[in-house]
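Taken in sequence, the protein lines are chains A and B.
First residue of the first sequence: 1, per the numbering used here; consecutive thereafter.
First residue of the second sequence: 1, per the numbering used here; consecutive thereafter.
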Amino acid sequence: MTAILERPGPPGPPEPLSERARRRAELTTKDRVVRGGLAVAGIIPTAALLFLTYQMVRQAIPAIRFNGWHFFQTKTFNLGAQYGNPVTRHGEQALPKAQFGVLAMLFGTVVSSLIALALAVPVSVGGAILLVEKLPARVQNVLGVFLELLAGIPSVVFGLWGVYTLGPVLHRTVFRWISDIGIPWFDGRTGNGQGLASASVVLAVMIVPIIASITRELVRSVPVISKEGAVALGLTPAESVRFVTIPYVRTGVVAAAVLGWARALGETIAVLLISGNAVTIPHSVFDPFTTMAASIAALLDGALQDSTGMDVHALAEVGLVLLGVTMVTNFAGRLLTRRFSDAGLPVGRGV
Amino acid sequence: MRRRRRLTDRVFWALCGLAFLVIAAPSVSVIVSVFHQAFPALGWQLFTQTTTGQGIQNAILGTLLLLLGVLIVAGSVGVAAGVYLAEYAAGRSAAVLRFFSEVLAGTPSIVIGYIGYVTLVVEFHWGYSLLAAVLALSVLVMPYIVKTTEVALRQVPTTLREGTAGLGMPRSASLRRVLMPVALPGIMSGLVVALAISTGELAPLLFTANASDQDPSFSLFHHSVPYLTNVVYTDLSLPGRRYRATSAAAGLISLAILVILIALGRILSGRARRQTARMSL
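In structure tokens form, the structure reads like this:
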């Protein structure tokens, strides 16, 4: 400011300052100090992400060397025998009988999250459309609380609910009916209600609020004029949804689904409790399974006992694959959301 | 023909209603189920005894302590970062910082927990500690605070900015005296969301805070911290009805904290909306 005032201005039009010089001149010394301090804070989230990625890669490198490509071809994940001489492969030591493969976990992660997505998307979209198009604003606000509550329920509480309430109920009813039909992959014993199917249902419940709340905002933003056009043409409300609302929100719903998917991929504790926790590729949807995130939580305790340290590194490799998969889905989701809204939506985990 | 269209319409809305019920039912069912299972354990001893006895006093205090830590660490850094992105950063660098912050929001919590364990607990020799737990949680929730702060500041009407510039106010004074007070309710509601997430997280704490039967202390290093979600998790797998009830009771208390935070968030965001409406003429 002062710099501008003190500048000896020649009569006539002042010389144009460069954009950069002008911006500098507008800031006092105190402003610059404040800006510096805030800039440091501004970099912290980015720095944290880079640090996480760097550490993950660094921790995983010994395991990557030890496992090679077998990591993506092996279904078993065995921490190895505690007592015995360490074996050496590719210059890296590990416990005897240790075998690290991500295949079963990767399968479990992808399949459970996809089933969850298939269940959650139609329900969320239907619910959101009903909420916005049919119910009065006052009721909308009250019912919005359900979405917030559902988004905020701790995942361990979802686990508790899945183990004691949802799992047994599904096991006694729906699962048994489906199993009796006898479609391949949807048949066989339904176990005790813990397994791929129950975990997918719980995951679906957990991602519904993400997809539904974005869809709700999208449906609200459909231009009134287009809806009036639909009414003028004599369309029924359902047809208006089909020909006006759905085309308008389609891209946004896809983006919301991708964000929800990323959440389902990374979910840990709820899945750990309901999955039955078995590192195998399930033979039917009712069999126990595991995911990458749940395995890390389940196995880290045991892995800490390994004197060669390879178990911990192998879990880092699992984490790295998980981080890669979620980052790719997140990138995709953010790029899609950017296409239809300028302020990226603050969703991804909880509330 | 006309009847068929009307029928389709009915069927469509019936299906939407069903979808809506499917959304609403779980949230009711979760609460009823948790309350039902926690019933045998409910009583004042929950608040007066620790987990060695019949209560979960230490876990409640520990969770509150962690929330305080998150408010201090993630709150200060996140709000400052959000202010920087909204007011000072420009062009490409701002876009990059914003993008990475959003990607951080999507990072699986167990990855944050793992790195917290490997670096903070082991490499830095902090042990299972309050500081490691608070940092892990803070990294997890910081992106939300950054985002809501940025959005709240962006919603401050341009006329106010122009007014302060016209009066010759320095940028920092304009920020502190004019822009921040207007954006405050929005920022606070972001903080409340961050606290709500922190209350329910377990994965990042499992290997940084560990667990403890004692009341938490304020010492930052080498002391395990008890917290509610861990009680839910560990007591769930212990045999016996009593543990199952304690587990559900801990879940119930964390749900109660959550409900309080959601109510607070609603009040604040309502205030933020009115603030914006009043300011934009």
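A virtual CB, placed ideally from N, CA and C, is assigned to each residue, including glycine.
Check	Outcome
Exposure of A:K30, with buried meaning 16 or more beta-carbon neighbours within 10 Å	exposed
Residue of A:L149, A:I64 and A:G68 minimising C-alpha distance to B:A263	A:L149
CA-to-CA distance, A:L196 to A:A343, given in whole angstroms	Bear in mind that the predicted position of A:A343 carries a pLDDT of just 38, short of 50, making it unreliable; the figure below should be weighed with that in mind. Cα-Cα distance, rounded: 36 angstroms.
Residues of the region 7-27 of chain B whose Cβ lies closer than 7 angstroms to any Cβ of chain A, in chain order	T8, D9, F12, W13, L15, C16, G17, A19, F20, V22, I23, A24, P26 and S27
In chain order, each alpha helix (DSSP H) run of at least 4 residues that lies wholly inside the region 141-170 of chain A	155-161
Option nearest A:I183 by Cα separation, candidates A:V285, A:M292 and A:T329	A:V285
Bridge partners - A:N78, DSSP secondary structure assignment	A:Q99
Counted within 10 angstroms of its Cβ, other Cβ atoms place B:S219 as buried (16 or more) or exposed	exposed
contact_flag[the region 148-162 of chain A, the region 24-42 of chain B] where n(CB pairs < 8 angstroms) is 3 or more	yes
Buried or exposed (CB count within 10 angstroms, at least 16 for buried), A:K97	exposed
Residue(s) in a DSSP beta bridge with A:R89	A:E92
Coil, strand or helix - B:G55 by DSSP	coil
Neighbouring residues, chain B, relative to A:G276 (Cβ below 9 angstroms)	Within 9 angstroms Cβ-Cβ: nothing; A:G276 doesn't reach chain B, min ~13 angstroms.
From A:G234, A:A128, A:N141 and A:F175, residue whose alpha carbon lies closest to that of A:I211	A:A128
Closer than 8 angstroms to chain B by CB, A:Q99	no
Nonlocal neighbours in the same chain, by C-beta distance under 8 angstroms from B:H222, ignoring five residues either side	W126, G127, Y128 and S129
Residue from A:F289, A:G188, A:W261 and A:P86 with nearest C-alpha to A:D306	A:P86
Below-8 angstroms beta-carbon distance, B:G127 vs any chain A residue	no
Limits of the unbroken alpha helix (DSSP H) element including A:G229	V224 to A232
Interface residues of chain A facing B:P81 [CB-CB closer than 7 angstroms]	Just to set this straight, residue 81 of chain B is Ala in the shown sequence, not Pro. Correct list: A41, G42, I44 and P45.
Sequence-distant residues of its chain with Cβ nearer than 7 angstroms to A:L235 (five each side left out)	F243
Nearest-angstrom Cβ-Cβ length linking A:V318 and A:V102, presumed shorter than 8 angstroms	6 angstroms
Exposed unless 16 or more other CB atoms sit within 10 angstroms - verdict on A:H361	Outside the shown range of chain A (1 to 351) lies residue 361 of chain A, about which nothing can therefore be said.
For A:T280, the nearest candidate out of A:V34, A:L259 and A:T109 (CA to CA)	A:T109
B:F207, DSSP secondary structure in three states	coil
B:N230 - containing alpha helix (DSSP H), residue span	L228 to S237
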